[in-house]
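*Asks:* Okay, here's the structure, questions in a sec.
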Amino acid sequence: MLTKSKASVSWFARKQTKELMFKLFAYIILLTGSCVFFLPFFWMISTSLKIDTQIFLFPPKWVPNPVKWQNYYEVLSNTPFLIWLRNTTYVTALNVLGVFLSCPLVAYSFARLEWRGRNVCFIILISTMMLPPQVTMVPVYLLFKMLGWVETFKPLYIRAFFGFPFYIFLLRQFFKTIPRELEEAAMIDGCTPYGIYWKIILPLVKPALATVIIFNFMASWNNFLGPLIYLHHPEMMTLALGLQYFEAAYEVDWSLLMGAAVMMTAPIIAVFFFFQKYFVRGIVLTGIKG
Amino acid sequence: MFASKLIHRQRKKRSKLFRERTTAGYLCALPWIIGFLIFTLGPMVVSIIISFEEYNILNPPRFVGSQNYVKLLTGDSLFWKSLYNTLYITVFGVPFGMVVGLLIALILNTKIKGITTFGTMFYLPAIVPIVASSLLWMWMYNPRFGLINFLLSQVGIEGPNWLSSKTWAKPAIIFMGLWGAGAGMIIYLAGLQGIPKQLYEAASIDGANWWRKFANITIPMLTPTIFFNMIMSIIVHFQIFTQAYIMTQGGPADSTLFYVFHLFNHAFRYFNMGYASALAWVLFIIILIATLIQFRLAPKWVHYGGE
């Protein structure tokens, strides 16, 4: 009896040490790994605060001394950074507005309303998600050129108002998970499909809509190829294109370049921390149901 | 008599309701339908037509038959070069990215404190704007003052000229891509958390050790997620452009001239709209074939038993 309980105690203790060892091991790996992943961020911020003579040092100086905050001021005063920021904000805001107006409405139609050809249209919608954008890039450019929209912001946001297939697909998947009872009740009360959409569906899908809008915000903020094709005047550029232009013009002024990169990244990181839960949910929605 | 009238009226009401919903269906889908016609179907048709023409915007288009496609396959060494570069980056970049993402997800899938913070740390690089990360890594790869070569020198390795070396420019871009492996990691993590706990419990009762559980439960149950990530990753790698445009401009000696970069040059630098369209359709066919092969091979290793 006694020996048996002793054995079980030692077994338990062994299991506990084993678990402890495992946890310790996991922590060490996680700490090392996240340091490695954080290192480039650190290097970016550190460089952005260095004085010129400390940038080109070998071995490099990890922490800038003195800290030159003025680099950021120089980015703002030596480049049209604020104009680029305004342009990017303008394009991004219109993109978000367009997606908000179009995508949930189309998704509602695909998820809830019955009309002839709906299923065929949905299959087409899914197939267009697979189509590489390069296939339509040239004719769409010719179209915008014909309309006289090259060197304007219109080509960068107009398509949002017609809905993006990927977002429509995501929202439709989400709509399908919402129980129909509320809508049916509203329908019996004589509510039109538009009323149902505006008063019932839209408030219910806020979380999915938030995810889609965040995705769209990031895609629009980071878009490089679009501005590269349609915008050429420095005052008309967005941040993504402007930064590249700045790099080509200033070449090795790394502290200013890193400062500009930090300022372009900061809003994205802020959005991420504010809306973290929608982020993760959206990504999960993409991964599992896609 | 009364009852039949009521039914009739109800039917009429229902059919009116039905018609209303049908009209609403078309109206609500209209933005996408119009957008599809203007920005997808129309351009696809035009793109096919232009791909059989010579068109530089200044002069009216001229029909040249299959000349663009013939030139592409036989007369354009840069086409093959860019295809090779793209395949190179796909063949090495996709598996490395997947393994790194999966490893992080596996470690994060343990029940220890602070997991969310670690997850955020690994995920953040994936959302850095690609222009910003390209500039950052240009500086990291600086042969004399960059961080990478400094770290290498600490272990006694003399780092190469990374972005200005024909051999190292592509690996440099692949390695930089690993920094963004957090994007795949989150999807793996979701997949891992979707594996039913009972499977592990049953295996524990049967006395399976850690490795057996990993090899016989975790990996098979995760294959659909791995498959999804692989398809997406291949498509992304085939369309790689921005990094090369910013960091190397396709050089040195065209060693980072990727397919979409080559296409971009023809479309928006030389304004060979016809040739660029032919390149686009060949890219489409390549991606389509690659995806179809993946789906064909999938039943051999993707396990859908969980659902």
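Top line first, the protein sequences correspond to chains X and Y.
Reading the first sequence from the start, the letters are residues 1 to 290 in the working numbering.
Reading the second sequence from the start, the letters are residues 1001 to 1307 in the working numbering.
Note that CB positions come from ideal geometry on N, CA and C, so glycine has one too.
Can you pull the chain Y residues whose beta carbon is under 8 Å from the beta carbon of ARG159 of chain X, in chain order?
*Replies:* Residue numbering aside, residue 159 of chain X sits at position 159 when the first sequence is read from its first letter. Near ARG159 of chain X (Cβ distances below 8 Å), the residues of chain Y are GLY1035 and PHE1039.
*Asks:* Between which two residues does the alpha helix (DSSP H) harbouring SER255 of chain X extend?
*Replies:* Sequence index remark: in the first sequence, residue 255 of chain X carries index 255 (1-based). Element bounds for SER255 of chain X: 254 to 274.
*Asks:* By the criterion of Cβ-Cβ separation under 7 Å, what are the contact partners of PRO1129 of chain Y in chain X?
*Replies:* As a first step, residue 1129 of chain Y must be located in the second sequence, where it is residue number 129. Near PRO1129 of chain Y (Cβ distances below 7 Å), the residues of chain X are TRP221, ASN222, ALA240, MET264, THR265 and ILE268.
*Asks:* Can you give me the Cβ contacts of PHE144 of chain X inside the same chain, cut-off strictly under 8 Å, excluding the 5 residues immediately before and after it?
*Replies:* The residue given as residue 144 of chain X occupies position 144 in the first sequence. Excluding positions up to five away in sequence, the list reads VAL150, LYS154, PRO155 and TYR230.
*Asks:* Look up GLN1294 of chain Y in the DSSP assignment and say whether it is helix, strand or coil.
*Replies:* By one-based count along the second sequence, residue 1294 of chain Y stands at place 294. If DSSP states are grouped into helix, strand and coil, GLN1294 of chain Y belongs with the helices.
*Asks:* For PHE110 of chain X, tell me which candidate among X:ILE126, X:PHE81, X:MET137 and X:TYR245 has the shortest Cα-Cα distance.
*Replies:* Along the first sequence, read from residue 1 onward, the residue named residue 110 of chain X stands at position 110. The shortest Cα separation from PHE110 of chain X among X:ILE126, X:PHE81, X:MET137 and X:TYR245 belongs to X:ILE126.
*Asks:* Expressed to the nearest angstrom, what Euclidean distance is found between the alpha-carbon atoms of ASN1265 of chain Y and ASN87 of chain X?
*Replies:* For the purposes of this step, residue 1265 of chain Y is taken as residue 265 along the second sequence, with counting starting at 1. For the purposes of this step, residue 87 of chain X is taken as residue 87 along the first sequence, with counting starting at 1. Between ASN1265 of chain Y and ASN87 of chain X, the C-alpha separation is close to 26 Å.
*Asks:* Listing by chain order, which chain X residues have their CB less than 7 Å from the CB of SER1047 of chain Y?
*Replies:* By one-based count along the second sequence, residue 1047 of chain Y stands at place 47. Going along chain X in sequence order, the residues near SER1047 of chain Y (Cβ under 7 Å) are VAL135, THR136, VAL138 and PRO139.
*Asks:* Within a Cβ cutoff of 7 Å, which residues of the same chain sit near PRO1299 of chain Y, ignoring the five residues on either side of it in sequence?
*Replies:* In the second sequence, residue 1299 of chain Y corresponds to position 299, counting from 1. There are no such residues.
*Asks:* Mind checking CYS121 of chain X: buried by the 16 CB within 10 Å criterion, or exposed?
*Replies:* Numbered from 1 along the first sequence, position 121 holds the residue referred to as residue 121 of chain X. Buried, by the Cβ-count rule.
*Asks:* To test your reading of the DSSP string, which unbroken beta strand (DSSP E) runs of 3 or more residues are found completely within the region 85 to 172 of chain X?
*Replies:* Listed in chain order, nothing qualifies, since the region 85 to 172 of chain X has no complete beta strand (DSSP E) run of 3 or more residues.
*Asks:* Check whether the region 239 to 259 of chain X and the region 45 to 62 of chain X are in contact - that is, three or more C-beta pairs closer than 8 Å.
*Replies:* Touching, per the Cβ criterion.
*Asks:* Answer yes or no: do GLU114 of chain X and ARG1021 of chain Y have a C-beta to C-beta separation smaller than 9 Å?
*Replies:* Translated into positions along the first sequence, residue 114 of chain X becomes position 114. Translated into positions along the second sequence, residue 1021 of chain Y becomes position 21. Taking 9 Å as the Cβ cut-off, GLU114 of chain X and ARG1021 of chain Y qualify as a contacting pair.
*Asks:* CB-CB under 7 Å to TYR1084 of chain Y, same chain, minus the five flanking residues each way: which ones, in chain order?
*Replies:* The residue you call residue 1084 of chain Y lines up with position 84 of the second sequence. Once the five neighbours on either side are set aside, TYR1084 of chain Y has no close Cβ partner at all.
*Asks:* For MET1138 of chain Y, would you say it is in contact with chain B, using Cβ-to-Cβ distances shorter than 9 Å as the test?
*Replies:* No chain B is present in this structure, whose protein chains are X and Y.
*Asks:* Following the continuous alpha helix (DSSP H) through LEU1193 of chain Y, name the residue where it begins and the one where it ends.
*Replies:* For the purposes of this step, residue 1193 of chain Y is identified with residue 193 of the second sequence, where counting begins at 1. For the sequence presented, residue 1193 of chain Y should be read as Gln rather than Leu. Looking at the DSSP string, the run of the alpha helix (DSSP H) that includes GLN1193 of chain Y is 1182 to 1193.
*Asks:* When you compare the CB of GLN244 of chain X with every CB in chain Y, is at least one pair closer than 9 Å?
*Replies:* Residue numbering aside, residue 244 of chain X sits at position 244 when the first sequence is read from its first letter. Yes, GLN244 of chain X counts as interfacial toward chain Y.
*Asks:* Taking buried to mean at least 16 other C-beta atoms within 10 Å of its own C-beta, is ALA1276 of chain Y buried or exposed?
*Replies:* Against the second sequence, residue 1276 of chain Y aligns to sequence position 276. Buried, by the Cβ-count rule.
*Asks:* State buried or exposed for GLY1207 of chain Y, treating a residue as buried only when at least 16 other CB atoms are found within 10 Å of its CB.
*Replies:* In the second sequence, the residue the question calls residue 1207 of chain Y occupies position 207. So GLY1207 of chain Y ends up on the exposed side.
*Asks:* Looking only at its chain, what residues have a beta carbon closer than 7 Å to the beta carbon of ILE1057 of chain Y, apart from the 5 residues adjacent to it on each side?
*Replies:* Residue 1057 of chain Y sits at position 57 when you count from the first residue of the second sequence. Once the five neighbours on either side are set aside, the close Cβ partners of ILE1057 of chain Y are PHE1271 and MET1273.
*Asks:* Take PRO132 of chain X as the anchor and find which of Y:MET1247, Y:LEU1279 and Y:THR1223 has the nearest alpha-carbon.
*Replies:* Numbered from 1 along the first sequence, position 132 holds the residue referred to as residue 132 of chain X. Here the closest residue by C-alpha is Y:LEU1279.
*Asks:* May I ask you to verify whether the region 1139 to 1152 of chain Y touches the region 61 to 70 of chain X, counting CB pairs closer than 8 Å and requiring at least 3?
*Replies:* No, they do not touch.
*Asks:* According to DSSP, is PHE1063 of chain Y helix, strand or coil?
*Replies:* Taking the second sequence and counting its residues from 1, one reaches residue 1063 of chain Y at position 63. If DSSP states are grouped into helix, strand and coil, PHE1063 of chain Y belongs with the strands.
*Asks:* Mind checking which residues open and close the alpha helix (DSSP H) that includes ASP1076 of chain Y?
*Replies:* Counting from 1 along the second sequence, the entry for residue 1076 of chain Y is found at position 76. No alpha helix (DSSP H) holds ASP1076 of chain Y; DSSP gives it neither H nor E.
*Asks:* Go ahead and pull the three-state DSSP assignment for GLU1053 of chain Y.
*Replies:* In the second sequence, residue 1053 of chain Y corresponds to position 53, counting from 1. Here GLU1053 of chain Y sits in strand by DSSP.
*Asks:* Confirm, please, whether the CB-CB distance from ILE1187 of chain Y to PHE1238 of chain Y is below 9 Å.
*Replies:* What you label residue 1238 of chain Y is simply residue 238 of the second sequence in a count that begins at 1. What you label residue 1187 of chain Y is simply residue 187 of the second sequence in a count that begins at 1. No, the Cβ-Cβ distance between PHE1238 of chain Y and ILE1187 of chain Y is not below 9 Å.
*Asks:* Under a CB-based cut-off of 9 Å, is PRO193 of chain X close to chain Y?
*Replies:* As a position in the first sequence, residue 193 of chain X is number 193, starting the count at 1. Interface residue, yes.
*Asks:* Distance cutoff 9 Å, beta carbons only. Does GLU1158 of chain Y sit that close to anything in chain X?
*Replies:* Numbered from its first residue, the second sequence carries residue 1158 of chain Y at position 158. So, not an interface residue.
*Asks:* Three or more C-beta pairs under 8 Å: does that hold for the region 231 to 250 of chain X against the region 76 to 86 of chain X?
*Replies:* They touch, by the three-pair rule.
*Asks:* Along the chain, where does the alpha helix (DSSP H) that runs through PHE224 of chain X open and close?
*Replies:* Sequence index remark: in the first sequence, residue 224 of chain X carries index 224 (1-based). Unbroken run through PHE224 of chain X: none, as it is neither H nor E.
*Asks:* What is the DSSP secondary structure of GLY1101 of chain Y, counted as helix, strand or coil?
*Replies:* On the second sequence, position 101 is the one that residue 1101 of chain Y refers to. GLY1101 of chain Y falls in the helix class under three-state DSSP.
*Asks:* Taking only three categories from DSSP, how would you classify PHE38 of chain X?
*Replies:* What you label residue 38 of chain X is simply residue 38 of the first sequence in a count that begins at 1. PHE38 of chain X falls in the helix class under three-state DSSP.
*Asks:* For GLY163 of chain X, would you say it is in contact with chain Y, using Cβ-to-Cβ distances shorter than 9 Å as the test?
*Replies:* Looking up residue 163 of chain X in the first sequence gives position 163. So, interface residue.
*Asks:* Along chain X, in chain order, which residues have C-beta atoms closer than 9 Å to that of GLU1020 of chain Y?
*Replies:* Indexing the second sequence from 1 puts residue 1020 of chain Y at position 20. Here the neighbours are THR192 and PRO193.
*Asks:* Short of 7 Å Cβ to Cβ, which residues in the region 1222 to 1249 of chain Y face chain X?
*Replies:* The region 1222 to 1249 of chain Y vs chain X, Cβ under 7 Å: THR1225, PHE1228, GLN1239, PHE1241, THR1242 and ILE1246.
*Asks:* Please return the same chain residues whose Cβ sits closer than 8 Å to the Cβ of ILE268 of chain X, not counting the five positions on each side in sequence.
*Replies:* By 1-based counting over the first sequence, the position of residue 268 of chain X is 268. The residues are MET218, TRP221 and ASN222.
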